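Enquirer: Have a look at this one.
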Ligand SMILES: *Cc1c(COP(=O)(O)O)cnc(C)c1O
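Right, dumping it as C-alpha cells:
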C-alpha cells in the first residue's frame, strides 16, 4: 500500500460538490428544503453545528435559570462541552454502555436531577443512539433533550428523522459530514414555538461578520476544488501524514478546537450552494447505504471485531471495535497514514483532552475510555472502490489473525 498513489479517499463519505453548485439559482433556501424533507415546521441555519447547539442552550437556559448542567456522553466531539461552557453552563459527563457509543441508561438516570437543563443523546457516524430513553429520563426530571445528529443528517429512527425525535436537534454541515457548506449547522425543534425564541437568540449572538464569512466562502470554494479523489491527497492526506509523523494525533484527527469558536451569520451564497447540493443528498444516502450493506458482511468475517450497524441509519463510515487497544493501534499504524480513508472517530474520551480541563462525572468513565481505545473507522466514500476496500479488509485480517 498505497496501490493508487494519485488517489486518496476521505475519512467520511461527504457529499461531493459540483461546480454547478457554486452559481446560478437555488430551488429554495436550504432551510426550506431541509424543513420539508425532515418534516418539521422550521429549520434554522447557523454557522456551525456548535453554534446551533450554543443558540439552543442559551435559549433553553433563559427559560430555566436554576438549571445549569447539560448531560452529555463522555465520548463525543470536544466541541460539545465547549458549546455548553460558551452558553455559561456546565457539561456533566455520563459513561457509555460497555462496548457501545451510547450513554449507559442507569448512569444517565443517576446524573439527571433538578439542576439538569438538557440531556444530549448523540448519534455517531450515522449510528443511532437511544433517544426515547433519553427523552424519558430527561422529561422525568423536568429537563429537555437536545439530539446531536451532527454526523447523522438523513438517518431515520423508525418513521422519523434522527434529530427530530428529541425536543431539539441539530446537524453539522462541516466539511466531511455529509452535506457541507464548509462550516454550518441546522437547528430544529419539535415544538414550533421554540423557533421564534431561537431566532431571537441568534439575532443577538450570530451577527453579520464579513471577515469570518468571506473566509468561509473562500474555504467552501477550496472544498469544492479539492474534495475530489485527485485533490484530497494534497488537501487532506499530506497534512494528515505530517501530523502523524509528528505524533500529533489531535491534529491528525482535526481536534485542536478553540473555546472561542466563531458565531456569525451565513451568507445567501453559501446557503444557496448548500441548497443546490441538498437536492442530491437522498440519492447519495441511498448509494452509500447500499455500499455499506454490501461491505458489512465482509467485515463480519474478521475474528473478534465488532461492526456497528442498525436499520435506518446513514453510513458516512463503518465503525469497528477491535478486541484490544494494541490490535487497534497496530491496524491504525498501518492504515491511518494510508490513502484508504481509515481513521479514528475522536482521539480521546472527553476527560483526556487537556484543553477541556475537568468536568463533573469525568472521574469515572471507563467504558468511554475503552471505546476510544478500541475503535476505528473505515470510510464509506464511494471513492474507496471494492478493490481498495478489499485491501483494507486484508490488512486488518492480517493483523487480527496473527
Ligand atoms: C462535528 C460534531 C459536532 C459539532 O459540529 P460542527 O459543525 O463541527 O460545529 C457536534 N457533535 C458531534 C457528534 C460532531 O461530530
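Residue numbers (this note's numbering): 13 to 414. From the three backbone atoms N, C-alpha and C, an ideal C-beta is built for every residue, glycine too. Only a predicted model underlies this, so the values are computations on that prediction, with no experimental measurement involved.
1. What do you reckon, is the C-beta of residue 89 under 7 Å from a heavy atom of ligand 1?
2. Tell me whether residue 266 sits in a helix, a strand or coil according to DSSP, three-state version.
3. Which residues mark the beginning and the end of the alpha helix (DSSP H) in which residue 160 is found?
4. Under 8 Å by Cβ, that's how I've got residue 362 and residue 88 pegged, so tell me the actual separation to the nearest angstrom.
5. For a test of your reading of the model: does the CB of residue 61 fall under 7 Å from any non-hydrogen atom of ligand 1? Yes or no.
6. Does the distance between the C-beta of residue 326 and the nearest non-hydrogen atom of ligand 1 fall short of 7 Å?
7. Since residue 244 and residue 238 should fall inside the 8 Å C-beta cutoff, what is the C-beta to C-beta distance between them, to a whole number of angstroms?
8. May I ask whether a heavy atom of ligand 1 can be found less than 7 Å away from the beta carbon of residue 81?
9. When you measure from the CB of residue 162 to every non-hydrogen atom of ligand 1, does any distance come out below 7 Å?
10. So the candidates are 387, 193, 168 and 250; which of them puts its Cα closest to the Cα of residue 141?
11. On the DSSP bridge assignment, give the partners of residue 85 in chain order.
12. Keeping to the same chain, check which residues put their C-beta closer than 7 Å to that of residue 392; ignore five residues upstream and five downstream.
13. Report the residue from 408, 42 and 346 whose alpha carbon sits nearest the alpha carbon of residue 315.
14. Excluding the 5 residues preceding and the 5 following residue 15 in the sequence, name in chain order all residues of the same chain whose CB lies nearer than 7 Å to its CB.
15. Using the Cβ count rule (16 or more neighbours within 10 Å means buried), how would you classify residue 78?
16. Closest to residue 121 by CA distance: which of 235, 133, 159 and 112 is it?
17. Say whether the segment 92–99 touches the segment 51–71, bearing in mind that this needs 3 or more beta-carbon pairs closer than 8 Å, one atom from each stretch.
18. So what's residue 14 in DSSP terms, helix, strand or just coil?
Expert: For this structure:
1. As a first step, residue 89 is located in the chain shown; it is residue number 77 there, counting from the start. Correct: residue 89 has its Cβ closer than 7 Å to ligand 1.
2. On the chain shown, position 254 is the one that residue 266 refers to. The three-state secondary structure of residue 266, taken from DSSP, is coil.
3. Sequence index remark: in the chain shown, residue 160 carries index 148 (1-based). Careful: residue 160 lies outside any alpha helix (DSSP H), inside the beta strand (DSSP E) at 156–160.
4. Along the chain shown, read from residue 1 onward, the residue named residue 362 stands at position 350. Along the chain shown, read from residue 1 onward, the residue named residue 88 stands at position 76. Contact between residue 362 and residue 88 is confirmed by a C-beta separation of about 7 Å, below the 8 Å threshold.
5. Residue numbering aside, residue 61 sits at position 49 when the chain shown is read from its first letter. With a threshold of 7 Å, the Cβ atom of residue 61 counts as near ligand 1, since some heavy atom of the ligand is closer than that.
6. Here the question's residue 326 lines up with position 314 in the chain shown. Result no, Cβ not under 7 Å from ligand 1.
7. Here the question's residue 244 lines up with position 232 in the chain shown. Here the question's residue 238 lines up with position 226 in the chain shown. Right, the Cβ-Cβ distance comes to about 6 Å (below 8 Å), so this counts as a contact.
8. Residue mapping note: residue 81 aligns to position 69 of the chain shown, counting from 1. In this structure, the C-beta of residue 81 stays at least 7 Å away from each heavy atom of ligand 1.
9. As a first step, residue 162 must be located in the chain shown, where it is residue number 150. Yes; taking the cut-off as 7 Å, the Cβ of residue 162 has a heavy atom of ligand 1 nearer than that.
10. Position 129 of the chain shown, counted from the first residue, corresponds to residue 141. With distances taken between Cα atoms, residue 141 lies closest to 168.
11. On the chain shown, residue 85 is found 73 positions in, with the first residue counted as 1. Answer is 106, bridged to residue 85.
12. Counting from one through the chain shown, the residue named residue 392 turns up at place 380. Non-local C-beta neighbours of residue 392 in its own chain, meaning closer than 7 Å and more than five positions away in sequence, comprise 25, 300, 303, 304, 327, 328, 329 and 330, ordered along the chain.
13. As a position in the chain shown, residue 315 is number 303, starting the count at 1. The shortest C-alpha separation from residue 315 is found at 408.
14. The count along the chain shown starts at 1 and reaches residue 15 at position 3. The pLDDT assigned to residue 15 is 46, lower than 50, so where the model puts this residue is not dependable; a value taken from the coordinates is nonetheless given after this. Counting only Cβ-Cβ distances below 7 Å, and skipping sequence neighbours, we find 403.
15. Sequence index remark: in the chain shown, residue 78 carries index 66 (1-based). Its Cβ having fewer than 16 others within 10 Å, residue 78 is exposed.
16. The count along the chain shown starts at 1 and reaches residue 121 at position 109. When each option's Cα is compared against that of residue 121, the closest is 133.
17. Contact between the segment 92–99 and the segment 51–71 is present, with at least three C-beta pairs closer than 8 Å.
18. The count along the chain shown starts at 1 and reaches residue 14 at position 2. Interpretation of residue 14 is limited by its pLDDT of 49, a score under 50 that renders its predicted location unreliable; no figure is taken from the coordinates.
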